[in-house]
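Peer 1: The opening position of the sequence shown corresponds to residue 5 in this note's numbering, with each subsequent residue numbered one higher.
Beta carbons: idealized from backbone N, C-alpha and C, even for Gly.
On a predicted model such as this, the values are computed, not experimentally measured, just so you know.
Can you read through this structure? Questions will come right after.
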Amino acid sequence: MSNHIPLLKLSAGTASPLGASCLQQAGPGVWNFAVFAPDATALTLCLYQPDTEELLGELAFSARTGEVWHLQVSGIEEGTLYGLKADGPFDSDKGLVFDAERLLLDPYVRQLNRSISFNERLYITKSHYMLAKGMLKAQPFDWQSSTKPEIAREKTVIYEAHVKGMTMLHPDVPEELRGTYLGLCHPAVITHLKQLGITTLQLLPVAAFMSEPRLAKLQLTNYWGYNPVSFFAPDPRYQYQDAVTEFKTLVRTYHQAGIEVILDVVFNHTAEAGDDGPLLSFRGLANKHYYLFESHADITDFTQPCNYTGCGNTLNVAHPVVQKLVMDALRYWVTEMQVDGFRFDLATTLAREHKRFNPYAAFFQIIAQDPVLSAVKLIAEPWDVGPMGYQLGQFPAHWSELNDKCRDTFRAFWRGDKGVLPEFTTRLLGSRDIFQKHHKPACCSVNYLTYHDGFTLQDVVSYKDKHNWLNGEENRDGHNHNLSSNHGIEGPSKDASVKASRYLHKRNLVATLLLSQGMIHWLGGDELSHSQRGNNNAYCQDNDISWLDWHLDSDEEDFLQFVRQMMAFRRKYSCLQQLSLLDDSYQLHGDKHHIQWYLPDGEKKQPQDWQDPERLSCIFQITNKTNQASLLFVLNADSNALKLTLPGKARRLLFDTSVDKGLLQSAGQTTSQYQQNANSMSVWL
Numbered sequence: 005m006s007n008h009i010p011l012l013k014l015s016a017g018t019a020s021p022l023g024a025s026c027l028q029q030a031g032p033g034v035w036n037f038a039v040f041a042p043d044a045t046a047l048t049l050c051l052y053q054p055d056t057e058e059l060l061g062e063l064a065f066s067a068r069t070g071e072v073w074h075l076q077v078s079g080i081e082e083g084t085l086y087g088l089k090a091d092g093p094f095d096s097d098k099g100l101v102f103d104a105e106r107l108l109l110d111p112y113v114r115q116l117n118r119s120i121s122f123n124e125r126l127y128i129t130k131s132h133y134m135l136a137k138g139m140l141k142a143q144p145f146d147w148q149s150s151t152k153p154e155i156a157r158e159k160t161v162i163y164e165a166h167v168k169g170m171t172m173l174h175p176d177v178p179e180e181l182r183g184t185y186l187g188l189c190h191p192a193v194i195t196h197l198k199q200l201g202i203t204t205l206q207l208l209p210v211a212a213f214m215s216e217p218r219l220a221k222l223q224l225t226n227y228w229g230y231n232p233v234s235f236f237a238p239d240p241r242y243q244y245q246d247a248v249t250e251f252k253t254l255v256r257t258y259h260q261a262g263i264e265v266i267l268d269v270v271f272n273h274t275a276e277a278g279d280d281g282p283l284l285s286f287r288g289l290a291n292k293h294y295y296l297f298e299s300h301a302d303i304t305d306f307t308q309p310c311n312y313t314g315c316g317n318t319l320n321v322a323h324p325v326v327q328k329l330v331m332d333a334l335r336y337w338v339t340e341m342q343v344d345g346f347r348f349d350l351a352t353t354l355a356r357e358h359k360r361f362n363p364y365a366a367f368f369q370i371i372a373q374d375p376v377l378s379a380v381k382l383i384a385e386p387w388d389v390g391p392m393g394y395q396l397g398q399f400p401a402h403w404s405e406l407n408d409k410c411r412d413t414f415r416a417f418w419r420g421d422k423g424v425l426p427e428f429t430t431r432l433l434g435s436r437d438i439f440q441k442h443h444k445p446a447c448c449s450v451n452y453l454t455y456h457d458g459f460t461l462q463d464v465v466s467y468k469d470k471h472n473w474l475n476g477e478e479n480r481d482g483h484n485h486n487l488s489s490n491h492g493i494e495g496p497s498k499d500a501s502v503k504a505s506r507y508l509h510k511r512n513l514v515a516t517l518l519l520s521q522g523m524i525h526w527l528g529g530d531e532l533s534h535s536q537r538g539n540n541n542a543y544c545q546d547n548d549i550s551w552l553d554w555h556l557d558s559d560e561e562d563f564l565q566f567v568r569q570m571m572a573f574r575r576k577y578s579c580l581q582q583l584s585l586l587d588d589s590y591q592l593h594g595d596k597h598h599i600q601w602y603l604p605d606g607e608k609k610q611p612q613d614w615q616d617p618e619r620l621s622c623i624f625q626i627t628n629k630t631n632q633a634s635l636l637f638v639l640n641a642d643s644n645a646l647k648l649t650l651p652g653k654a655r656r657l658l659f660d661t662s663v664d665k666g667l668l669q670s671a672g673q674t675t676s677q678y679q680q681n682a683n684s685m686s687v688w689l
């Protein structure tokens, strides 16, 4: 095919849009290429064979408009691969690190021919085989009239999953599809999520990434994928044959089942980390524009990249070109790939202007006025590791934020920590000290017990300490503040009393989460009692430590049934999804609900009763003021049973986490006197 290169027809092309664009209206095989590289002295388009990656030829960009180089090529065969080479000065003190022999990815590349793995020998020799290539391929797709579910925020129950780990051990998924986009949308997986009551699937990063070179030396890999190389291309690691078509199939299938798909996106750093990081794309084209650097006395030190992410570099999202890149990528995933929203990793970084977090940052303003992006779910991880990085509650009202205070307080209360009751009740009812009434809805708070970075729910009740020895960092990595309990034995146990205590502890945590005000986040696998063997930072464990085991014993089956029950219970009672209180008019749903707090003797709680640091129980009632229907909640984290006089009329027990494995009572007892067992909770009608 190399002899076809002279037959290609070249012209100047246009500076917009950026990236490679198929101009079908101009004829078959016509592509426009536009690349931001303001300091480059020359730019080259490299074309390769689709099967062998042999070089077909190199074409010089002959036109430039402002800071953008552009070229139009006619006669390119479908499936041809491409990359870029940029020439220019090498002066690291000025942020210029050009290397004319180094192949680079187009920052706007839409599809890769293979996944990217760092190979030191190939990188040192500057072999083009080191890097995956972009594919020049039109991608028509039949969406079959599927529509986006558009789940209200307050009704959202998110299920966080890893494309590979979800199905690698799933017995009902065909072996050849396990670990792929197609495997994840297999009917067996969707049935599980529907039975669970999930409204929204949240995927760990699917944009193309590369494992850190140091992990390769340890024979490990970046399993989670938080090390991006491309912001547009779905990673080929999870493809069966074609990543783009199969990812679209995944989204279409979930939409047809009424389930949303949102993506965990990483726009805070890239795989080109460090002052000597690899030249893969952005650094080789416009290093000093794409990244943030340290400054001293207002003089930028281009040899010192800012590390607000803990990953070695930080994208400069305040720069107009980087901002455009991020917005273009987000719009691409929403319009072309039809996803329903995003969870932004280390989102504080995205709103840093002059290196400081700005709650009115241009990033927020652009999204708010964008007709596409303003309509999707936006979830922030509201911190980074830079100065003043913790910004929980500071994001705009149409954003939701991961509430780690909710996680920590729920865990502390049910572990029996004293003095946390007032904060516990605040978190339970929507963290209105953080997401203030009249200014933000309670669904700004994303309530969760566990996340991918931390203990699983099973490990929260099975391990006192982290056990990350297999990560190659001598157990120094990962959080030490886990608020966990091993119930007397570290790790797995066959002791019946230990297992019973652990399952009761889990039921209490799950019930608390699903009775709380806010958007609900569920870590995939917690319903299966998945354990990571005490590893609370399993980012590099691409094995059965991270993969979900779908074979359940009887205790695990009972717990799965309890989780399903609690999610259904939440759906049944609208007051659990969104309270409407007299002093909270943000959404103007009217004065529909009333909350009253009680003491164990049935008397109303007084202000001074909140000051007792020894108190480890709370009793409250939510009443619908229209029909006077009410739910009564009794939570007892004390190691002693609690004798109760239930307020008002005799009540009917709906469930007690310490009775019959927490399952609903079809004919629950009706009484006004009750003994709430130690370390348990109940709900009454």
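#1: Looking at Q76 and V34, is the spacing between their C-beta atoms short of 8 Å?
#2: Looking at chain D, is there any beta carbon in it that lies within less than 8 Å of the beta carbon of G458?
#3: In the DSSP output, what is L406 paired with across the bridge?
#4: Taking E607 as the reference, give the member of C622, E618 and H598 with the closest Cα.
#5: Since T661 and S634 are thought to touch, with beta carbons under 8 Å apart, how far apart are those beta carbons, to the nearest angstrom?
#6: If you draw a straight line from the alpha carbon of V1 to that of A682, how long is it in whole angstroms?
#7: Give the DSSP bridge partners of L100, in chain order.
#8: To test your reading of the DSSP string, which unbroken beta strand (DSSP E) runs of 3 or more residues are found completely within the region 587-625?
#9: On a CA-only basis, which of T45, P324, F145 and N644 is nearest Q342? Give me that one, please.
#10: In angstroms, rounded to a whole number, what distance separates the CA positions of I128 and L135?
#11: From the DSSP secondary-structure annotation, give me the bridge partner or partners of E276.
#12: Would you report the Cα separation of A16 and P32, rounded to the nearest angstrom?
#13: Measure the C-alpha to C-alpha separation of K468 and G345 and round it to an integer number of angstroms.
#14: DSSP three-state label for V663, please.
#15: Buried or exposed for T45, going by 16 or more other Cβ atoms inside 10 Å?
#16: Applying the criterion that 16 or more other CB atoms from any shown protein chain within 10 Å of the CB defines a buried residue, is G83 buried or exposed?
#17: How far does the beta strand (DSSP E) with Y163 in it reach, from first residue to last?
#18: How should L222 be labelled, buried or exposed, when 16 other C-beta atoms within 10 angstroms of its C-beta is the threshold for buried?
#19: Does I80 pass the burial test, meaning 16 or more other C-beta atoms within 10 Å, or should it be called exposed?
#20: Buried or exposed: which applies to T184, given that a residue is buried once 16 or more other Cβ atoms fall within 10 Å of its Cβ?
#21: Report all residues from its chain with a CB closer than 6 Å to the CB of R68; omit the five preceding and five following residues, and keep chain order.
#22: When DSSP labels each residue in this structure, what does V514 get in the three-state scheme?
#23: How is the beta strand (DSSP E) around S634 delimited, first residue to last?
#24: Could you compute how far the alpha carbon of C447 sits from the alpha carbon of G434?
#25: Mark R480 as exposed unless 16 or more other C-beta atoms lie within 10 angstroms of its C-beta, in which case mark it buried.
#26: Have a look at G420, E158 and P93 and flag the residue whose alpha-carbon is nearest the alpha-carbon of L639.
#27: My assumption, with CB atoms under 8 Å, is that W403 sits in contact with A379. Please give the rounded CB distance.
#28: Can the beta-carbon of M571 be found less than 8 Å from the beta-carbon of T160?
#29: Relative to the C-alpha of S466, which residue among L474, S489 and E477 is closest?
#30: By the 10 Å Cβ neighbour count, where 16 or more other Cβ atoms means buried, how is W228 classified, buried or exposed?
#31: Comparing alpha-carbon positions, which option in R411, A500, V325 and N484 lies nearest G538?
#32: Taking only runs of the alpha helix (DSSP H) that begin and end inside the region 189-221, which ones reach a length of at least 4 residues, in chain order?
#33: Helix, strand or coil: which one does DSSP assign to K89?
#34: How would you call I690, buried or exposed, if buried means at least 16 neighbouring beta carbons within 10 angstroms?
#35: Using the DSSP secondary-structure output, state which residues sit across from T731 in a beta bridge.
#36: Helix, strand or coil for N36? Go by DSSP, reduced to three states.
Peer 2: According to the structure data:
#1: Result yes, Cβ atoms of V34 and Q76 sit closer than 8 Å.
#2: Absence of chain D from the displayed structure is noted, only one protein chain being present.
#3: Answer by DSSP bridge pairing, in chain order: V450.
#4: E607 has its Cα closest to that of C622, out of C622, E618 and H598.
#5: With a Cβ gap of about 20 Å, T661 and S634 do not count as contacting.
#6: The requested residue 1 is not part of the displayed model; the chain covers only 5 to 689.
#7: Beta-bridge pairing links L100 to D95.
#8: 597-602, all fully within the region 587-625.
#9: Ranking T45, P324, F145 and N644 by Cα distance to Q342 puts F145 first.
#10: Taking the straight line from one Cα to the other gives about 12 Å.
#11: By DSSP's assignment, E276 forms no beta bridge with any residue.
#12: When rounded, the distance between both Cα atoms is 18 Å.
#13: Cα atoms of K468 and G345: separation of roughly 36 Å, rounded to the nearest angstrom.
#14: DSSP, read as helix, strand or coil, puts V663 in coil.
#15: It is exposed - the Cβ of T45 has fewer than 16 other Cβ atoms within 10 Å.
#16: With fewer than 16 other Cβ atoms from the protein chains shown falling within 10 Å of its own Cβ, G83 counts as exposed.
#17: Counting along the chain, the beta strand (DSSP E) containing Y163 begins and ends at V161 to A165.
#18: Counting the other CB atoms within 10 Å of its CB gives L222 a total below 16, which places it among the exposed residues.
#19: So I80 ends up on the buried side.
#20: The residue in question, T184, is buried, as its Cβ has 16 or more Cβ neighbours within 10 Å.
#21: Contacts found: none.
#22: Helix at V514.
#23: S634 to N640 is the extent of the beta strand (DSSP E) around S634.
#24: One C-alpha to the other measures close to 7 Å.
#25: It is exposed - the Cβ of R480 has fewer than 16 other Cβ atoms within 10 Å.
#26: For L639, the closest C-alpha among the options G420, E158 and P93 is that of G420.
#27: Wrong, their Cβ atoms sit about 13 Å apart, outside the cutoff.
#28: No; because the gap between Cβ atoms is not below 8 Å, this pair is not in contact.
#29: Of the candidates L474, S489 and E477, S489 places its Cα closest to the Cα of S466.
#30: With 16 or more other Cβ atoms within 10 Å, it is buried.
#31: Nearest of R411, A500, V325 and N484 to G538, Cα basis: N484.
#32: Here the runs fully enclosed are 191-200 and 217-221.
#33: In the three-state reduction of the DSSP assignment, K89 falls in the strand class, which pools E and B.
#34: Summary: the structure shown does not reach residue 690, with the chain confined to residues 5 through 689, and so no result is reported for it.
#35: Only positions 5 to 689 of the chain appear in the structure, and residue 731 is not among them; the question remains open.
#36: In the three-state scheme derived from DSSP, where H, G and I count as helix and E and B as strand, N36 is classed as strand.
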